Structures are given as C-alpha cells and as structure tokens.
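> Residue numbers (numbering that gives the first Met the number 0), protein chains in the order written: chain D, 0 to 218; chain H, 0 to 993. We treat Cβ as the ideally placed atom computed from N, Cα and C, and that holds for glycine. Just so we're clear, the structure is a prediction, and the values are computed from it rather than from any experiment.
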Amino acid sequence: MAQIFHRSTNTVSRVSVFGAVFFLGLLLWLFDALNRSPYTTQQGVARVQPVQFSHQHHVGAMGIDCRYCHTTVERASFANIPPTKTCMNCHTQIWAQSPELEPVRESWRTDASIPWVKVYDLPDYVYFNHSIHVAKGVGCETCHGRVDRMPLVSQHPTLQMAWCLDCHREPEKNLRPRDAIFTMGYVPAGNPEEIGKKLAAEYKIRPPMELTDCTTCHR
Amino acid sequence: MKFTVDSRRSTGVDIGAARTKLGELHGREYWRSLEELLETDDFREHLHREFRVPIDSGVDRRELLTLMGASIALAGLTGCTRQPTERIYPYVKPPEEIVPGEPLFYATAHLHEGYARGVLAKSYEGRPIKVDGNDLHPASLGGSDVFAQASILNMYDPDRSQTLTERGQIRPWSALLAAVKLTLEQERPRRGSGLRFLTTTVTSPTLQAQIAAVLAELPDAKWIAWEPTGRENVFAGTKLAFGQELQPVYAFDKADVVLSLEADFLGSGPSMPRHVRDFVSRRRAETMNRLYVVESTPTLTGARADHRRPLTPAAIESFAASVAAGVGVGGISAGAPADAFADAVAADLKSHAGASLVVAGETQPPAVHALAHAMNAALGNVGKTVRYVGSAADTPAAQTAALAELVGEMADGRVSTLVILGGNPAFNTPADLDFGKAMQKVGLRIRLGLYNDETSRLCHWNVAEAHALESWSDARAEDGTVTILQPLIAPLFSGKTAHELLAAFSAEPEKSAHDIVRDQWRGKLPGDFEAAWQKSLHDGLVDGSAFPSRPVAVRSFPLDPRASTLDPSLTLLFRPDPTIWDGSYANNGWLQELAKPMTKLTWDNAALMAPATAEKLGVTTEDVVELSFAGRRVEAPVWVMPGQAEGCVTIHFGYGRTRGGRVADGTGFNAYALRESRTLWAAPGVEIRKTLRRYPLATTQHQHSMEGRAPVRAVTAAAYLENPGVVAHMGEPPPGPHDTMYPQLPRGSYAWGMAIDLSTCVGCNACVIACQSENNIPIVGKEQVQRGRAMQWIRIDRYYKGSLDAPETFHQPVTCMHCENAPCEVVCPVNATVHSAEGLNQMVYNRCVGTRYCSNNCPYKVRRFNFFLYSDFTTEIKKMVNNPEVTVRSRGVMEKCSYCVQRINRARYAAEKENRPIKDGEIVTACEQACPARAITFGNVDDPESRVSRAKAEKRGYGLLVELGTRPRTSYLASLSNPSPALAPAEEPEKHKA
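1) For H:E499 and H:K436, what's the separation of their Cα atoms in angstroms?
2) If you measure beta-carbon to beta-carbon, which residues of the segment 925-945 of chain H are closer than 7 Å to chain D?
3) What does H:V900 reach in chain D if we use C-beta pairs closer than 8 Å?
4) Going by DSSP in three states, H:K990 sits in which element: helix, strand or coil?
5) Could you compute how far the alpha carbon of H:G301 sits from the alpha carbon of H:E294?
6) At a CB-CB cut-off below 9 Å, which residues of chain D make contact with H:G747?
7) Establish whether the CB of D:F52 and some CB of chain H are separated by less than 9 Å.
8) Are three or more beta carbon pairs between the segment 234-247 of chain H and the segment 351-365 of chain H nearer than 8 Å?
9) Can you give me the Cβ contacts of D:A223 inside the same chain, cut-off strictly under 7 Å, excluding the 5 residues immediately before and after it?
10) Which residues of chain H have a Cβ atom closer than 7 Å to the Cβ of D:I221, listed in chain order?
11) Taking H:R888 as the reference, which of H:I876, H:V848, H:E913 and H:M409 has the closest Cα?
12) Should the segment 833-850 of chain H be called in touch with the segment 739-754 of chain H, which here means at least 3 C-beta pairs below 8 Å?
13) Using the C-alpha atoms, what's the distance from H:P610 back to H:S854?
14) So is H:G100 in contact with chain D if we call contact Cβ pairs under 9 Å?
15) Which residues in chain H sit within 8 Å of D:S7, going by Cβ to Cβ distance?
16) Who does H:C647 pair with in a DSSP beta bridge?
17) State the DSSP-derived secondary structure class of D:Q2, mapped to helix, strand or coil.
18) Counting Cβ pairs closer than 8 Å, one from the segment 111-119 of chain H and one from the segment 489-496 of chain H, do we hit at least three?
19) Going by DSSP, which residues form a beta bridge with H:D144?
20) Going along the chain, which residues of the segment 838-864 of chain H sit with their C-beta nearer than 9 Å to a C-beta in chain D?
21) Tell me H:Q168's beta-bridge partners as DSSP assigns them.
22) Could you name the residues that DSSP lists as bridge partners for H:R289?
23) Once the 5 residues before and after D:T109 are set aside, which same chain residues still bring their CB inside 7 Å of it?
24) Quick one: Cα of D:W162 to Cα of D:Y202, how far?
25) Specify, as a first and last residue, the run of the beta strand (DSSP E) that H:I795 falls within.
26) Report the rounded CA-to-CA distance for H:L370 versus H:V326, giving the unit in angstroms.
27) With 16 other CB atoms within 10 Å as the buried threshold, where does H:K615 fall?
28) Are H:F504 and H:L183 closer than 9 Å when you measure CB to CB?
29) With 9 Å as the threshold, decide whether the Cβ of D:Y202 is near any Cβ in chain H.
30) Quick check: the Cα distance between H:S143 and H:T969, rounded to an integer number of angstroms?
31) Measure from the C-beta of D:L198 to each C-beta in chain H and report whether the shortest distance is under 9 Å.
32) I'd like to know whether the C-beta atoms of H:G141 and H:P272 end up nearer to each other than 9 Å.
33) Excluding the five sequence neighbours on either side, which residues of its own chain have a C-beta within less than 7 Å of the C-beta of H:K990, listed in chain order?
34) Have a look at the DSSP bridge pairing and note the partners of H:G938.
35) Along the segment 102-136 of chain D, what residues have a CB closer than 8 Å to any CB found in chain H?
36) H:Y29 touches chain D at which residues, Cβ-Cβ below 8 Å?
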C-alpha cells in the first residue's frame, strides 16, 4: 500500500510542532508588549481637555508655582484640580473675552464644574498620597515630567506597579532638597548618589522592606 | 393548657439528652450551643464543610466543563480592557473648609427612643460615611452602639420615602401648606378640637415649644406621644415612690454592688455607652464591683452578672420585695417570702450602703421601680450612685392611656385631622387598640415619615422625612443635656423635618428648620449668642443644659397587686429586638444580618423558651408553634434559649413588616400582633400549640467550631489575685520561639498588635457594625448566612458554661489574629496574602484568585470569601455609604480584618510629615473607637509603654490557640468575675428542676 503522506509532510509537521511553541511565545510577547505599550498605559498620550489649558504657558512661560492651583498637594492625598474660581482670579482681568476660555466662563456663570479629563488614572485599589511624597522630597517632575514643556499634559511614566516599585526600592535616586521639589529641570548640585543618600537619611525615609509592603498602597 | 411530652424526632435537638451530656461534663467546661453539645447531624455537617455548598446544583459534568472553559476564556478577556476615560469635576467655588480627600467631623446626635446621644459624623466632600461616639457627650463618652453605627445606612436607603404625595400623587410643598391652612381655618372656630398630633417621644426643646405654641393657639387640640419601647413604667415608678415623674441617672462607676431587676443597662437604652463605660471601669481585679441580675429572658447585662437568676415576672416582683425587706425598706417585710438568694443580695447591698445600686428595667411594673427607688433611698445611694432629674420628654408619661383615648376619639369620628410625626403607629401600637382601623375614620391624615410604610398607606398626605444627618434639630439626653443636631448633607430626597411641618401650623409656615432651632435658642445660650451657638455645634452639646438633681423623699406606696394575679403558667414576654429595635431599623441590612447577641440569630425573630418549657411542650428549635393570646394568633419558630426563665416565652417585636422595604419585608413574624395595651411587656396565660412544620433559622453560632478547646478563659477575681499565673495554665503552652519551620521575618519600625479584654467586653456588637461601616463589608442575605457565608470581619462568639437552665454566658470577639507565623500565607499560590514588616497579615485583593486555601488553613476561621457579587456596584445611592479609603471587594475575592490599615496609613502620613514616630493612641481602629467599654486596645507591641503592651503584660493575658505556634498578634485578657462568698458556686445547680 502506498504511503498516504508524502515524505515532505515530516518537515511540515516538525516545523508546525516546534513553530507552535514559538508562535505561542510570540503571542505572549505580543500580549505583554501591548500591555506595556502606550495603547494600554496611555503613557505619553496627550489628552484632549474641555479647555486647551497649557501648562507650558502657565508654568514654563509665566512661572506660576504648582501650588498656586494644586493647593492641597502638601496637605492631602489628592492634589486638587483647581476650582473654576482659581482660573477666574486672573481671567476676569486678562483674556477675559477669549473664546478659548468660554467653557471656564460658562462654568463660572452656571455653577457647573468643568469636566476635566483625568490624565493620571490609577486603579481604584491603589491609594496614592501626594502629600507624603512631597514631604519626603519627591519632586513633582519625578512623576509628572517636564510639565513646563507640555502644551497639553500627558502621562509621563507607565504608571504600572513595576514603575512604582523602582522608586520604593531605591527612593534615594529620586529625592530632592526641599527647595527643589517644585522645580522643573532640577539638576543635583554634586554627586547624585551621595546627595540622595544624605537626603534619605535626613527625611528618615523608611527602609525598602517597609516601603514595598503591599499595604503601603493597597488596602 | 396541657403539655404533652412527645417522642423526639431525629432532626431537632433532644433537650433531655443535652441535659444528660451536660451532667457528664465536669469542671470548667464551655459549650456554644445545644447542637454542638449533642453533635447533631446538622452540626457535624456545618463543622466538616466550613462553607456549606449546594449539593444539587443542577449542572452535569459536561456542562460544568463547558461553563468553566467559557468562564476562563472570558476571565482572560476581561484583563484586556483598557481603563475607561475618567473625569474630574472640581468645585466652581470651593467651600472654605473642604480639602478633597480629607474627612471632616461634625458633632450631632443620634436619637434612640427619642433621647439624644452625641455622635461625631465623618464626612468626605460633604458625604457622611461613618458615625461614632462623641467624647464630650455624657451619654456617649466616645462609645456608640449598633444603632448609632448603622444609622448611616438608613440615610442612604433607596427604599426611603422620596417625595411628598397626596393620595399617591406627587405634590409640591406649597400644596401641603395650603391644605394645612385650610384645616387651620376650619379648626380655629372650634378651638382645634378636631386636631391631633401624634409623635414619638419628643425631647427636642424646639419641637416641644412649637407644639406648645400650636396648642396655645388651639387649646382643644391634643398632642399624644407613642413609643413602643416607652418608659411609662419608669415615670410611673418614680411617681409611686416620690410623687413626681423623674428620670433616674445612674453612676455605675461609684457602685460596688449592683442589683439589676431585669434592667438591661449594658445592652440597650439611650445611655448604654455611658452605663457600659462606668460599669466596666469597676471590672478590674483590684476594684471589682459585683453585679446581681434577675431577669426573665437572657440579656447582655445578665451575661455579665456575677450571679444571675432566671425568674418569671411574678417572681421578680416578689424577689424585689424580699430584697427590699432585707435592706430595711419599711412596710413590706410581712408578705415577702424567704429566699436565701434574696437574703444574700440584701446583705451584700446593705454592707455597701451608699456604694450600691438597685436598677429596675423599663419592662418592670411601676411597683418594682418604686421598690428599687425605695431600696436606693434606704441604702443611702441617692445622690451617690443615683440621682433624679426632671423628664426630658414633655408629653404625658402615660403614653398608652393617651393613645387609647386617641383611638377612642378617632373611632367615634371626633378627630378631623391627624398629624403623625415619625413613628409607625399603624404597625407598632397595641393590637387591641386597632389603631389602623380607627385611624381611617379621620378626615385628614398627614404623615411625616422616613419610609412609605404601614402607616403611610393609610394616610392622605405623606411627607418624606429628613434623616437625622440631614436635619437641623435639637434633643436632650436622659440627664437633660441638649445637643443641637446639625445636618451633614442637604436632604437627599428633599425631606422635611418635624419642625418644618409644625411650622406649617404656625404664623410662619415657610420658616426653615435652621431658623426655627436657632430662634429657639436665641437668648437662651450663655454669653454672646453667635459664639455660644458655634461652640454648642462644635462640642455637640449646650454647656450647662443638663438638668439639676431634684431632691426626693420616698412616700409610702402600696405594692402592686398584679404580682399575685400573674398566671403561673406560660407568660409571653415582649421585648424590642436587639438588632432592629422596634422595627424602625428593619430595612437596615447591616442590622438584619447582625447576629443577635444572645441567640446569634440573623434575619428572623423567634419564640425563645427555656429548655424545660420546650421539653414540656414537646417542641424544639426551629419547630413552628402557634402562639395565641386573647383570641389573636401568631405563628413563630421556637428557639430553645438556655438561661430563659421557665414558663416564659419571649418574642421580639419589630419583625413581620409588610411595607418595610425590600430588606425588611418577609423577615420574621409580627410580635405586635399579640401585644395588648394592658400587657405591654408580659402577657400571662398565652397558649402555645405545636404545628407539624419547621422553619429554618439562620444562626451564626456554630458555623465555626473550635473543637472543644477553651477559647474563653474566665477566673474569679479572688483566685486571680491569689495566683495571677492561673490563667496561663488554663491552656496548652505555646511552642518555644525557635520551635518553628517558618523563617524568622524581619521586624519593621512598629509591630502592630491588639488586646481584647474579655472582662470588660459586654458583647454588644458595636464593633461588628463599626467594622462593617468602616470597611465597606457587604451583606449576603439569610440564605447565604445559613451556608456560613456571613461577611462581617468580626464575629462575637458566645459560649455557655454550666447548666442548661442557668448557664454562665461569655462573649468573645474574634477577628484576624495577624499571626506572626500565619498559616494562611504559606498556602496561597499567588502571594495574595503576605506579611508586612510591621506584622500585618496583608490581604491583596487584586492578586486573589479565590482558591480559598487560606481560609481552609486558618485555625481561627476569620477569613471571608465573596462567593457572589455581594457588594452593590450599581445602585448609586448605596455606593455613597462606602468609605473611600477602602477598596470595595468584588466576587471571587477573599477578605478579612486588616487592622484598619487605612487608619494606620493615615496616622503614619501625619507622623512622617512631621518627621516623628507615630504616637501611642494615634491609631484607633474602627472597633476600638466604637467599643463603649474600651475593651479593645490597638498599638505598637514593640513599645513597652504603649497601652496595648501594658494590657498584654497583664498576667491574665493569653493568646488563642497559641499551642499551634501561630503567634497571634491579637491576644485576650481573661474574663474576671466576682462571685459573692456568701453564695457558694455549688448552690447553682439547685435551680435544676428537671
């Protein structure tokens, strides 16, 4: 009886058996890459806001301190988005008729909030506290990037847990002197490693063993 | 009626066998329930299947595999979704005091039976989420009870009355004002003779003044107050003894010897937290007080007694008379029968004259109250352990008579307008009055109520009432202290307060509650009004508003002849339910699912009877019986209650709602249907007929078994003082510090731990509800409770010791022990439960895949699993009650006590920002904060000076199941008792009649 399959079938079956492993691996890699890509994490994606507010202009050009608008950053877990009142402090005087600012004036007139789009959106089971990071010498720039160069704000890091842990394991790499916390483009004056270690001791930063406890962020 | 002893069925509990079994036990043996004692089939099933699973799911193997395959695929796919875009809505003009994400606290009051108890309500961005006691308030002292804790859930109840309606049609407020105006025009010429106001007990000075103003205008109108748990007997008792209606105010901290005549001062009442704190301040070995309790049905107070006697109501009266004769109250020595127990109590009271206290419960007839007052006077306690003040409630004390008169007038058609402010009279008034029927003869019926309930159905106008946390008002505590209630949130359903409805009857019909209350106090506060007003709001009480003590002199009074007329056969006792009270909390899921402190029943009430009574009737737990009294019948499941007085059947009212809401309806039976105005608390001569049906009850008492070990340790104060080491030898010793295969974990800056003092814990459940409120714990429903799936992170175990008829009762709160060598951690395949450097046994919800291995391996059975989507993720208003600092758990996730890690972190942020260590007492867990007895202490066990370390250093400290080498961080302090040397413990079994 003649063979049912031609000899070349052996090669095909070998390739497909071994190829399946690679194919599965490829799929996994693709899934992982997708998961880490800006498509999922939204890293670096500029978000369209109801008002095209430019941090580049307000922070970079005007030099307004972060805390003028984000008043609670030193006191609370949440660094507040400024109320319409804060915008109107200036914009009743300057650019008071600008069509760009109509949503702000409308909010002021109708007492309805401006629906800002959340850029840094942590999962609901993560409890981040701004005030403790500021108090312990982590600069705004460390997580938010050079907002003074962002016309529209985008998410600077991936915001994945690995990124959080990088710093919680080695906090000294991201510590600044207190007067530089709100500075954009901070450059350490001297050996960064030494300064970091010195600051960690001064701020009494807890050891990584404690900083990486699950309940530090999850509860 | 005739009792017949029938042959036992295999399904029920055989009480006779239980008695035999108990006879075989010697020494200090504890038992949890009759089922456990007998190891019934049901109990064994509970034991061996920690969570009872459905036996027949209706799914075959192939179908199951298909479903599993599909669910795995779908579960994988859910991981692929991207986070949806979220928006932030900042304020337009920010309120000055609000920092987003930071809570604010406001002092206001929780009303219980009309009396105020100070609370601090916690609010995030104008959304109240938690209620706790107010340290400054004399009735609270920082402690709270289950009702105050759970009141927050009532506010967010989607079943609340949401609109103003007239005969079912939605109407504006102005329409009601017009209707009231019309009524007033009709009533004015006849001096208001057709107008009646029906309220609950009112202690609000503003409301009292408003009603008085209306009655001054319309002198023939009447105001009636009805509270199903009213304290008529208290006032009648003081009137009998002193000739005036007075409110006794107790100082339990000054009493060496306390006798309670069925007064449940540790378990209920507006001043319960105060009473508990004062009482337990004397439960330390060196300064131990002694508590004698006689009562018909077991209460929390009875559970803490050093000597407790179950007595029928008639026997309590004669017992009170005997003790009164013994302590030298004149004029009653003749008739009092001799009783060794009464003599011993009398002798003990007498030897502590001036530092003793006799308390009578609201359920006792006026004569017993009068006897208690006479005893206190004879013992020289007045002015020391008890003082008397005026009544904060302004209505006639005889509420029942006034209500009966109102019903008579209504039935005769003499009432043209009835205004019902709060309450639920169509449901909770005595059955013989038939209030609902009489009420329908009234021409215009206006109702202000939180719910669209049984009474609303019979009213023309229904006004949605504002919740206490939405209202401006004021109210007095028992001692007269005034609290001004302030709202934390605008009324969710544009509800109105009683003040606003009454204003409609005044010259200023549209005045706001705020202005009404403020104007009432203008000129009455000391000093500058604005400053005093702000201070009163801030402190939660008005300075100097407590009533002064009134001098009293005992008059001679006749003893109530009722004692002799009480039928010695079966007596039916009516009591408010320990968790849903008079029915006003029936739609509160937290309270429905809360295990009742003595029975550990949830979602139902039952007819409680003594084992001996059940034996005589031939019934057992879960048998349905028909109770009939004066021609009215009610069917109820039986609950065999150790410690119940023989011949007494207790039913709790509040259940059997027909229009209570989605949670309330269909639970339990209506005990009010048997309650008559003559026999409000005890109805002698009830008939009980056995039916052939059984009714499953959901109890939590034997869902977790401790396999015959002794989790509770108790010792007499004398024995402990003599040999403090006695507690340590009651259980097996723990293995040595190095006898373990677990790796030694590094220790962080703090080591959190907890100590629970069983000597001061009264088992009141406040911690359970506080934890539920703080940690967003869902309810699961009766059917799931029966399967052992109740979710509360704290359970309070109840143990009995001794005889079936009069056992000693112990309560033990059990929660996650945060073991240093935690058995749960090593079995988790996904590292979802791991140890923190500070000793927390962390539960990471987002890692948990729901294998439940951890729960299987936990020796304390304190882990809870979300078998279904128990948390409500869809009803907007129910989401508002959630604590924003705690994750809301989804289906398939394990959860358990976290030591309130959100509170630890909050304290840590505050401390670290100031570069200092966390101070002792800075972290207060939710259970610790709620505990009226301060039985729970939390802190750093590595700091020898911390409160928790000092507590743990006491010789009566012990750990639960330490022999397993788990090294629990939560430990216990043994319960101390102080039995009288005159009453030898051997005398106890003498009460056995079987």
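Taking the definition as stated:
1) 28 Å
2) none
3) T214 and R218
4) Caution is warranted here: a pLDDT of 38 is assigned to H:K990, below 50, making its placement in the model unreliable, and the coordinate value is therefore given only provisionally. Reduced to three states, the DSSP call for H:K990 is helix.
5) 7 Å
6) R205, P206, M208, E209 and D212
7) no
8) yes
9) No statement about residue 223 of chain D is possible, as the shown extent of chain D runs from 0 to 218 and does not include it.
10) Residue 221 of chain D lies beyond the residue range present for chain D, which begins at 0 and ends at 218; the question has no answer from this structure.
11) H:V848
12) yes
13) 35 Å
14) yes
15) Result: empty, since nearest Cβ-Cβ is about 35 Å, beyond 8 Å.
16) H:T570
17) coil
18) no
19) The partner list for H:D144 (beta bridge, DSSP) is empty, contrary to what the question assumes.
20) L839, Q841, M842, V843, Y844, N845 and R846
21) H:E165
22) H:V256
23) none
24) 22 Å
25) R794 to K800
26) 11 Å
27) buried
28) yes
29) yes
30) 22 Å
31) no
32) yes
33) Its pLDDT being 38, under 50, H:K990 is placed unreliably by the model, and nothing is read from it.
34) H:G752
35) S106, W107, D110, A111, S112, I113, P114, W115, V116, K117, D120, P122, D123, Y124, Y126, N128, S130, I131, A134 and K135
36) Within 8 Å Cβ-Cβ: nothing; H:Y29 doesn't reach chain D, min ~35 Å.
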